[in-house]
Amino acid sequence: KRHEILQLELLKPKIAILDETDSGLDVDALRVVSEGVNRVRETGIGTMLITHYTRILRYIKPDFVHVFFDGRIVESGGPELADKLEADGYTRYGVNETAIA
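For the sequence shown, our numbering begins at 33 and goes up steadily by one.
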């Protein structure tokens, strides 16, 4: 994951799509990777971060949060939407909790 962030810093793309960047990271590695993502964002590179968990959002503050369900955006909002999802889950979008587990 750190190498992916280094590549972004070296290649300087116009947009970066980071899919499950937090997957498999312990809290220390998550912090390091998040710092790298924040550095990349500060340079003006557009960044889309895809995640299922809000723990990375302790270190990276999103401008927008979008909820995808069944191939569509079903809700959009600010960072507070991520907190709401963490508290309430996805059942209001028709997701069966037993299917998630």
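Quick reminder that beta carbons are idealized off the backbone N, C-alpha and C, glycines included.
Would you call the CB atoms of residue i and residue j closer than 8 Å?
i, j, result
"LEU62", "ARG87", "yes"
"LEU117", "THR79", "no"
"GLU105", "VAL69", "It is worth fixing the name first, because residue 105 is Ile in this sequence and not Glu. In this structure, VAL69 does not lie closer than 8 Å to ILE105 by Cβ."
"LEU40", "ALA48", "yes"
"VAL97", "GLY110", "yes"
"VAL65", "LYS44", "no"
"ILE82", "GLU52", "yes"
"TYR85", "PHE101", "no"
"ILE37", "VAL59", "no"
Would you kindly work out how many angstroms separate the C-alpha atoms of residue i and residue j, rounded to a whole number?
i, j, result
"ALA119", "SER55", "20 Å"
"ALA133", "ILE77", "Low per-residue confidence applies at ALA133: pLDDT is 46, beneath 50, and the placement is therefore not dependable enough to give any value."
"GLY103", "ASP115", "22 Å"
"GLU67", "ASP95", "16 Å"
"LYS46", "GLU74", "12 Å"
"GLY121", "LEU57", "22 Å"
"THR123", "LEU89", "21 Å"
Give the range of the beta strand (DSSP E) segment to which residue i is assigned.
i, result
"LEU57", "No beta strand (DSSP E) contains LEU57, which DSSP labels as neither H nor E."
"ASP51", "47-51"
Using a Cβ-Cβ cut-off of 8 Å, state whether residue i counts as contacting chain B.
i, result
"PRO94", "Any reference to chain B falls outside this structure, which holds one protein chain only."
Between which two residues does the alpha helix (DSSP H) carrying residue i extend?
i, result
"ASP115", "111-120"
"ARG124", "No alpha helix (DSSP H) holds ARG124; DSSP gives it neither H nor E."
Which partner residues of residue i appear in the DSSP bridge assignment?
i, result
"ARG104", "PHE101"
Item checked: Any alpha helix (DSSP H) of 4 or more consecutive residues that is wholly inside the region 70-95 -> Listed in chain order, nothing qualifies, since the region 70-95 has no complete alpha helix (DSSP H) run of 4 or more residues.
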